[in-house]
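Residue numbers (our numbering): 24 to 671.
Positions of the beta carbon are idealized from the N, C-alpha and C atoms, including for glycine.
What you are looking at is a predicted structure, and each value in this text was computed from that prediction instead of being measured.
Have a look at the structure below, then the notes.
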């Protein structure tokens, strides 16, 4: 769907519309020495496997389990509807039958009646000139100029799902009053029907591969009840009509209208090896605010760190998952909807990564899906400007994850993708203003893509390491040049007075941004080059003096709560400098805060401030919420395993 300007903020992890972060290093030869030492250390760790002995209910295993569940959330089965606008939903093109004046209607944003979650579908039929009415849940088709999917009644090629292996379709339903008689079905699109609505023979050029399979007309009660449609004998090789319902006036005579509710509609087909990213946050069923906006957002950075965490855990299933995430990064990089070459966005849609069959949004070819959410008040789909933008730091973390995957899984395609992404950064972000280095990237949609002027120390730290690693792996010295350019920018951000690193520059690319001092620029500089960095001990002491609160650490210096992702980063940085007591204290704080799901929350409270603004309309504050967070959980796993993701 074509984007519309989001009128509420999003909270993306890296980049903030201002500037970010920088570091001071003693020169390229020290950087290369650190590179060699870290590669040797990482090789030893990889050969030995993860050195930990966790019990069945250990915090570490629970956190790994959380990542696994988030990754499989929409792939343990084939969802048709779980929540309004959910990233795992399929067959979302709703087609009224027999026409727009049939008297059938649906509200996909119904609240207060859900079987699970925050929403269900309220369905209804009112007596009109037509004696029956209903809806088909179609896959539909969508082209480059389409804002919404178009109905496909069997006339479009390559627009159906292959669901072979499924045995049943399951759904929950209840009546408003009880006694409502409704027929539910699957398939049969593009087939002729008899006077009873039964499929006779295919008539469309590209119909469903099986005739309609129906429950017949069933009588609903006022209580939620699970129903099943048996698909075991059906040819499910091409499915365009995933689900449907019909009400007729005769079977409901005596009623002026028929109202009933649907929820949790799914087909029992697991797809656990499909390409996908996991949503970054656990969210509740709210239909507005943070939970609605973030429900489908899978930040590239979070998934890159999770990839490295799976590699670090090292089990067979974890390595399988790491490979899926690496393949997903490669797919996303080369299947951008607005770019013919390589490009990564800040975030993608959770659920299926590849656009739906028949939803060819770029010259008829599938693309990587970008995140959106449904606004029930406006009855409109929105995209977030920050999510569809491309920030250099997020691209750098994808490069680091791909380089780790190349090292530990041995696929040269991951290395090639990292090289191509590095070239994108050089082409788009390389900057000669002031201390040089690399800008934040580009912001906006394809029709209004604008370069970012600010430069972030954090981004340049990430790029510095990625470029040094590319130089070491490929032998191409051009990457040393780019690494040194990022390094020089980082050097320029050292504040000798207080022993810390500034966040970066303002949009002029020259003026140092002194408004916010984030924690992660202090810790990441240590993780990037350890004791090879000037003032490393002072840097961590600054963090301990200005960011630590409540046993953990805050994002910025106002210390209004604990930022758990940063707390894990501080633990690793302390370990890097041999300060084991800080390491253990920080991890104890994280483990105490671990949620029942095994997730580490993003923050100790809702609305944890960062000091930054999000560069969307209105410039809202960039804040964190007390929600289970993939990024924080992955960093905890890395910290507990004593793995430095920059050099793994």
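**Asked** In terms of alpha-carbon separation, which member of 472, 155, 477, 644 lies closest to residue 463?
**Response** 477
Residue 499 versus residue 314: straight-line alpha-carbon distance, rounded
45 Å
* Supposed close pair residue 293, residue 99 - CB separation, criterion 8 Å -> Sure, about 5 Å apart at Cβ, within 8 Å.
Problem - Which listed residue (120, 667, 620, 533) has its alpha carbon closest to that of residue 598 - result: 667
>> Going by the DSSP bridge assignment, what does residue 413 pair with across the sheet?
In response: 465
query: Which residues in the same chain as residue 222 place their Cβ atom closer than 7 Å to its Cβ, once the five residues preceding and following it in sequence are excluded?
result: 211, 214, 216, 234, 235
Pick helix, strand or coil for residue 138, following the three-state DSSP scheme. coil
**Prompt:** Any C-beta of chain B sitting closer than 8 Å to the C-beta of residue 519?
**Reply:** In the structure shown, chain B does not exist; there is a single protein chain.
Open item on the list: Please report the distance separating the alpha-carbon of residue 187 from that of residue 258.
Closed with: 7 Å
If we count Cβ pairs, one from each stretch, closer than 8 Å, do we get three or more for the segment 258-274 versus the segment 150-170?
yes
Worksheet item: When you compare only the Cα positions, how much space is there between residue 549 and residue 591?
Response: When the Cα atoms are used, residue 549 and residue 591 turn out to be separated by approximately 13 Å.
- Leaving out five residues on either side along the sequence, give the residues of the same chain with a beta carbon under 8 Å from the beta carbon of residue 568. Contacts found: none.
Span of the alpha helix (DSSP H) holding residue 449? 435-452
Exercise for the section: Taking only the alpha-carbon atoms, compute the straight-line gap between residue 231 and residue 181 and give it to the nearest angstrom. Expected result: Using only the alpha carbons, I get a separation of about 11 Å.
message: Classify residue 324: buried if its beta carbon has 16 or more other beta carbons within 10 angstroms, exposed otherwise.
response: Around the beta carbon of residue 324, 16 or more other beta carbons sit within 10 angstroms, so the residue counts as buried.
Kindly indicate the opening and closing residues of the beta strand (DSSP E) around residue 248.
248-253
Taking the alpha carbon of residue 430 as the reference point, which residue from 349, 461, 368, 483 has its own alpha carbon closest?
349
- Express the C-alpha separation of residue 504 and residue 447 in angstroms, rounding to a whole number. Whole-angstrom Cα-Cα distance: 15 Å.
Ranges of the alpha helix (DSSP H) found wholly within the segment 358-422, counting only runs of at least 4:
408-411
Original post:
Between which two residues does the beta strand (DSSP E) harbouring residue 119 extend?
Top reply: 116-120
Own chain, CB closer than 6 Å to residue 249, minus 5 neighbours either side, in chain order
195
Could you tell me which residues DSSP puts in a beta bridge with residue 128? 147
Residue 523, buried or exposed, once every other Cβ within 10 Å from all chains shown has been counted against 16: buried
Sheet register partners of residue 290 (DSSP bridge):
101, 192
- Are there 16 or more other CB atoms within 10 angstroms of the CB of residue 406, so buried, or fewer, so exposed? Buried, because 16 or more other Cβ atoms sit within 10 Å of the Cβ of residue 406.
Unbroken beta strand (DSSP E) runs of length 3 or more, entirely within the segment 295-351: which are they? 320-322
Measuring CA to CA, which of 308, 468, 472, 414 is closest to residue 12? Because the chain is modelled from 24 through 671, residue 12 falls outside the range shown and cannot be assessed.
According to the Cβ coordinates, are residue 237 and residue 208 closer than 8 Å? Yes.
Confirm, please, whether the CB-CB distance from residue 134 to residue 142 is below 8 Å. Yes, Cβ-Cβ distance for residue 142 and residue 134 is below 8 Å.
Next on the checklist: If you reduce the DSSP assignment to three classes, tell me which class residue 656 lands in.
Outcome noted: helix
Quiz item: Is there contact here, the segment 432-442 with the segment 377-394, by at least three beta-carbon pairs under 8 Å?
Solution: no
Alpha carbon to alpha carbon, how far is residue 91 from residue 471? Give it in angstroms, no decimals. 37 Å
Worksheet entry | residue 477 - DSSP class collapsed to helix/strand/coil | coil
Contact check, residue 86 vs residue 656, beta carbons under 8 Å: yes
Quiz item: Under 8 Å, do residue 138 and residue 375 count as touching if we go by C-beta distance?
Solution: no
With residue 229 and residue 178 assumed to form a contact (beta carbons below 8 Å), what rounded beta-carbon distance in angstroms separates them? 7 Å
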